[in-house]
Amino acid sequence: MEKSYQDINAETIDRWVDAGWEWGVPVSHETYMAALSGRWDVLLTPTKPVPRQWLGDLRGKRVLGLAAGGGQQMPIFAALGAHCTVLDYSPRQLESERAVAAREGYDIEIIRADMTKPLPFPDGSFDLIFHPVSNCYVREVEPIWRECARVLRPGGTLLAGLDNGTNFLFGPDESRVINTLPFDPVANEGQRRQLAADDSGMQFSHGIAEQIGGQLQAGFTLLDVYDDTNGEGYLHEHNIPTFWATRAVKR
719 MEKSYQDINA ETIDRWVDAG WEWGVPVSHE TYMAALSGRW DVLLTPTKPV PRQWLGDLRG
779 KRVLGLAAGG GQQMPIFAAL GAHCTVLDYS PRQLESERAV AAREGYDIEI IRADMTKPLP
839 FPDGSFDLIF HPVSNCYVRE VEPIWRECAR VLRPGGTLLA GLDNGTNFLF GPDESRVINT
899 LPFDPVANEG QRRQLAADDS GMQFSHGIAE QIGGQLQAGF TLLDVYDDTN GEGYLHEHNI
959 PTFWATRAVK R
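Following our numbering from start to finish, the sequence shown increments by one per residue and tops out at 969.
The following block contains the structure:
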């Protein structure tokens, strides 16, 4: 039986984590202690820290890290007094969450689940969802926004990091356009071979209608946005935005 693209991605990310992937390296004890004393930042996209006013006072808040395993953001939120739940499909990313929580002595609910399926939470379970760049590994994003709206309380906040699709146009050196959009390796065998050649799993481009329009259609009001670059490479050197971060609230 052929593996689902979701399982291919979980296995791929596990390999990346084992190889030292930057988004799979958990925070240090020193970073956690700094957060306890008020010195901290977190990322939704590669380089720009999330504005602190986007998060507000997290003491006593119920926070879901959606596809946010790796021990990078949840430890900070726990240090700030939040009641944290993390959901991810990569076992290695969740192992990092367990390791940091055990090291620092805080409680966290850790759930392995596929975010393309209904989320395993009752309606209105959370005050905040923190969703770093990850839905580029998902073929359809609109169902994810609907599930986010369902599990947030009224007035709850969704913070999302979004790949805007530009990266998928270019080849490995980012200097030449080689693809058309949408990038969909399920439908396009040539695009699937490109990803396989670089051990890049199964990735998908999504435009503004899906990424931001999908949030609006799911019942969110967009409050703020910023863009970001890759942090390195040709596109970054030319200051070309390849990511968006959005702050939205459930109506």
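Glycine included, every Cβ here is placed at the ideal spot set by N, Cα and C.
Beta-carbon within less than 8 angstroms of residue i's beta-carbon, same chain only, minus the 5 sequence neighbours each way: which residues are those?
i, result
"alanine 704", "What the structure shows of the chain is the stretch from 719 to 969, and residue 704 is not part of that stretch, so it cannot be assessed."
"valine 851", "Leu762, Thr763, Pro764, Gly879, Leu880, Asp881 and Phe961"
"glutamate 950", "none"
"glycine 931", "none"
"valine 967", "Gly873, Gly874, Thr875, Leu876, Phe938, Thr939 and Leu941"
"alanine 786", "Met792, Val804, Leu805, Asp806, Phe848, His849, Pro850 and Ser852"
Comparing C-alpha positions only, which one of the options sits nearest to residue i?
i, options, result
"proline 840", "Glu858, Cys854, Ala867 and Phe848", "Ala867"
"glycine 925", "Ala914, Leu887 and Val768", "Leu887"
"threonine 749", "Val818, Val735, Glu729 and Arg810", "Val818"
"arginine 969", "Tyr944, Leu934, Glu892 and His954", "Leu934"
"alanine 800", "Ser814, Ala820, Asp825 and Ala786", "Asp825"
"leucine 953", "Asp942, Val745, Asp891 and Val781", "Asp891"
"alanine 944", "Ile847, Pro900 and Ala963", "A small fix is needed here, since residue 944 is tyrosine in this sequence, not alanine. Closest option to tyrosine 944, Cα to Cα, is Ala963."
"glycine 883", "Lys835, Val869 and Thr947", "Thr947"
"threonine 834", "Leu812, Arg821 and Leu805", "Leu805"
"alanine 936", "Pro903, Arg910 and Val869", "Val869"
"glycine 904", "Ser893, Gly919 and Arg894", "Note on residue identity: the sequence assigns valine, not glycine, to residue 904. Checking every option, the nearest Cα to that of valine 904 belongs to Gly919."
"arginine 830", "Asp845, Gly842, Leu812 and Gly823", "Leu812"
"valine 768", "Gly788, Ser746, Gly789 and Phe795", "Phe795"
"serine 722", "Gln921, Gly756 and Glu865", "Gln921"
Please classify residue i: is it buried, with 16 or more other beta-carbons within 10 angstroms of its beta-carbon, or exposed?
i, result
"threonine 875", "buried"
"tyrosine 855", "buried"
"arginine 780", "buried"
"leucine 744", "For the sequence presented, residue 744 should be read as proline rather than leucine. Per the 10 Å Cβ criterion, buried."
Excluding the 5 residues flanking residue i on each side, which residues of the same chain have their C-beta closer than 7 angstroms to its C-beta?
i, result
"glutamate 928", "Val859 and Glu860"
Once the 5 residues before and after residue i are set aside, which same chain residues still bring their CB inside 6 angstroms of it?
i, result
"isoleucine 697", "Residue 697 lies beyond the range of the chain shown here (719 to 969); nothing can be said about it."
"arginine 810", "Asp732 and Val735"
"histidine 849", "Leu784 and Ala878"
"leucine 798", "Leu776"
"serine 923", "Gly883, Phe886, Leu899, Pro900 and Phe901"
Legend entry - Stretch pair the stretch 728-738 + the stretch 775-782: three plus CB contacts closer than 8 angstroms: no
Inset, instruction - Would you mind listing the beta strand (DSSP E) stretches within the stretch 803-881 that are 3+ residues and don't spill past its ends, in chain order? - result: List check, beta strand (DSSP E) in window: 826-830, 844-849 and 870-881.
Legend entry - Ordered list of alpha helix (DSSP H) runs contained in the stretch 917-953, each at least 4 residues: 926-929 and 931-936
Inset, instruction - Mind listing, in chain order, the continuous beta strand (DSSP E) runs of no fewer than 3 residues lying wholly within the stretch 759-806? - result: 780-784 and 801-806
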